[in-house]
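In terms of my numbering, the sequence shown opens at residue 5 and continues consecutively.
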Amino acid sequence: MIKNKKTYLQIHPDDNVLVALQDLSQGTIIEWNNRSFALLEHVAAKHKFTIYPLAKDDEIYMYGVLVGKVNCDLETGALISTLNLRHAADDFKLSKRNTSWTKPDVSIFKDRTFNGFHRSNGTVGTANYWVVIPLVFCENRNVLTLKTAFEEKLGYKIKANDYSSEVDELIRLYQSGADVTQIIAQDLSASIGQTNDQRLFANVDGIKFLNHEMGCGGTRMDSDALCGLLAGYVTHPNVAGATILSLGCQHAQASILQAEIAKRDPHFDKPLYIFEQQKEGTEKELMQKAVKSTFAGMMEANRSTRKPTSLDKLCIGLECGGSDGFSGISANPALGYLSDMLVTLGGSVILAEFPELCGVEQELSDRCIDEATADKFMHLMRVYNAKAEADGSGFYMNPSPGNIRDGLITDAIKSAGAAKKGGTSPVTAVIDYPELANNPGLNLLCTPGNDVESTTAEVAAGANIVLFTTGLGTPTGNPITPVVKLSTNTKTFEKMSDIIDLNCGTIIEGEESIEEAAHRILDYVIQVASGEVTPKAVLLGQDDFIPWRRGVSL
């Protein structure tokens, strides 16, 4: 039942633009604040238009914050575009703490549990994986060799994901005399995302291989950060144990990895096998040891079973990618409400992507629990942006062509909507990459806005579920943590149903409130955390993993 069908919306009472909720043709009459005016041109859904006349250099406000300045005089009913709006954001400084907030009603979730894998350090996993990791890119081929040896034999290979059956079909057509036109016209039907039902280890969700292009040849800062990131994966509650392949002479030494593991878990007791090729001798000797130890480790991992635990053991990473003009008014606020619910229940949430917090720094710094935390956040933002500026690509250049096409004209517009994922609770911790960010409450984690780099970092920081909103659609996943995709609009959800799990377009259409959507999402999260439902990214084997080179990556 439609509760509140609208064609345009003012997001915040202080905003001087409206958002089109559907395509509005030129001449459409807009009724606003007891007056009416006509649109001067066509306004596509998700784009914005003025409600008052504006002079050159006047400020545009959305979400109640400054998001840009106009480049020329604009009449009432004018479309906002990259031609007439430039990025602008308010400066920020240390100010009074503003940590008061209204906790949502969580009574129906207060006694809910999920079935997870309990680790000796008190954390709880939503999955149970073995990981195989190279310390340096020189070992990537050996890791892929292990993948070939283990994945299919143990029952973890995704069927039909290689499209080999489709190629077989085309080969048959070609051999029977089909021409190019017939090949292109052929209907190929694949069964995507089926896994082998005959897993040897029933309690192990998979064996994952985390290749990367780092570990040597770069700065020591990057190799040290890589070791910290990898330690985050080895100690992660979703990981039962790890096989590490090292060449031996690289910057990213095994000793650095072990020190980083100890920092995160002083009493670390998971199976960990480290093999150094330059010590082992021949490749065959290295690989045979790695094969035997990995198999033995998975036997041990298979002893773990799911057991009930309270929702405060959830640590949710908040992510967005392929954002559109609806992100900040549907899916992101729904995640914000869910974030407040989880914080109220004693859980943890991680808000990252610092380039996409440009323009809302003051609000977030004011919400930090103390001045030291606020200072740290502002320092990280300033240093990151200054480095970006020095390299010719400041935060103002963050919106992608897809973002801009769908109404996110400036970085501040994008940021104001992206920050909604963090809800309204106080910021309990600010964490620099690649450290842990699993303190109870809202954590701010310094990462780039790049979807995969940020998701990779959130998982290393402790996220055992990632909620990922998208307006345009994106296939991002993670090797060890379930990534749940939420569409900001129904059109994208229906068009890309193979990669998106949940639809928040219901909020735009007035069929569901933000609170109702948040409740629905949390119900789904509990099922995913218990292993009862498998998100599309997991079904499709979307094991995206990209460590962040601390140089500029927006």
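Glycine residues also receive a C-beta, built at the ideal position from the N, C-alpha and C atoms.
All of these numbers come straight from a predicted model, not from anything done at the bench.
- A distance below 6 Å between beta-carbons, with the five flanking residues on each side excluded, links residue 482 to the following residues of its chain, in chain order: 459 and 463.
- For residue 26, the closest of 255, 50 and 34 by C-alpha to C-alpha distance is 50.
- Straight across, the Cα-Cα distance linking residue 284 with residue 161 is about 29 Å.
- Straight-line spacing of the CA atoms in residue 397 and residue 543 works out to 36 Å.
- According to DSSP, residue 39 shares a beta bridge with 36.
- Boundaries cannot be given for residue 357, as no alpha helix (DSSP H) includes it and DSSP labels it neither H nor E.
- Here DSSP, grouped into helix, strand and coil, assigns residue 461 to helix.
- Nearest Cα to residue 261 within the set 289, 226 and 128: 226.
- Of the other Cβ atoms in all chains shown, fewer than 16 fall within 10 Å of the Cβ of residue 106; this residue is therefore exposed.
- With a beta-carbon spacing of about 6 Å, residue 382 and residue 365 fall inside the 8 Å limit used to define contacts.
- Within 10 angstroms of the beta-carbon of residue 529 lie 16 or more other beta-carbons, which makes it buried.
- Relative to residue 281, the option among 301, 267, 257 and 300 whose CA is nearest is 257.
- Spatial neighbours of residue 204 in its own chain (CB-CB distance under 7 Å, excluding positions within 5 residues in sequence) are listed in chain order as 158 and 159.
- Classified as exposed, residue 38 has fewer than 16 neighbouring CB atoms from the shown chains inside 10 Å of its CB.
- Bounds of the alpha helix (DSSP H) holding residue 420 are 415-422.
- Ranked by Cα distance from residue 95, the options 369, 35 and 332 are led by 369.
- In the structure shown, residue 497 adopts helical secondary structure according to DSSP, grouped into three states.
- Annotation: residue 210 to residue 132 spans about 7 Å, alpha carbon to alpha carbon.
- By the CB criterion at 8 Å, residue 474 and residue 108 fall outside the cutoff.
- Comparing alpha-carbon positions, the option among 420, 378 and 267 lying closest to residue 98 turns out to be 378.
- With fewer than 16 other Cβ atoms inside 10 Å of its own Cβ, residue 311 counts as exposed.
- For the pair residue 541 and residue 455, the Cα-to-Cα distance works out to about 14 Å.
- Relative to the Cα of residue 410, the nearest Cα in the group 48, 534, 278 and 302 belongs to 48.
- Going by beta carbons, residue 485 and residue 242 fall inside the 8 Å limit.
- Excluding the 5 residues flanking it on each side, residue 231 has same chain C-beta neighbours closer than 6 Å at 256, 260, 261 and 264, in chain order.
- By the CB criterion at 8 Å, residue 59 and residue 77 fall inside the cutoff.
- Secondary structure note for residue 447: its beta strand (DSSP E) is the uninterrupted segment 445-449.
- Comparing C-alpha distances from residue 496 to each of 519, 450 and 331 shows the shortest one belongs to 331.
- Per DSSP, the beta-bridge partners of residue 250 are 280.
- Residue state for residue 132 is assigned as coil, using DSSP reduced to three classes.
- Contact check for residue 54 against residue 84 passes: the beta carbons are separated by less than 8 Å.
- If you look at residue 511, you'll find it in the alpha helix (DSSP H) that goes 509-512.
- Within the same chain, 177 come within 8 Å of residue 186 by CB-CB distance, once the 5 residues on both sides are set aside.
- Proximity to residue 354 across 116, 303, 467 and 526 peaks at 467, based on C-alpha coordinates.
- When C-alpha distances from residue 270 are compared across 69, 510, 124 and 522, the shortest belongs to 124.
- In the structure shown, residue 211 falls within a strand segment according to DSSP collapsed to helix, strand and coil.
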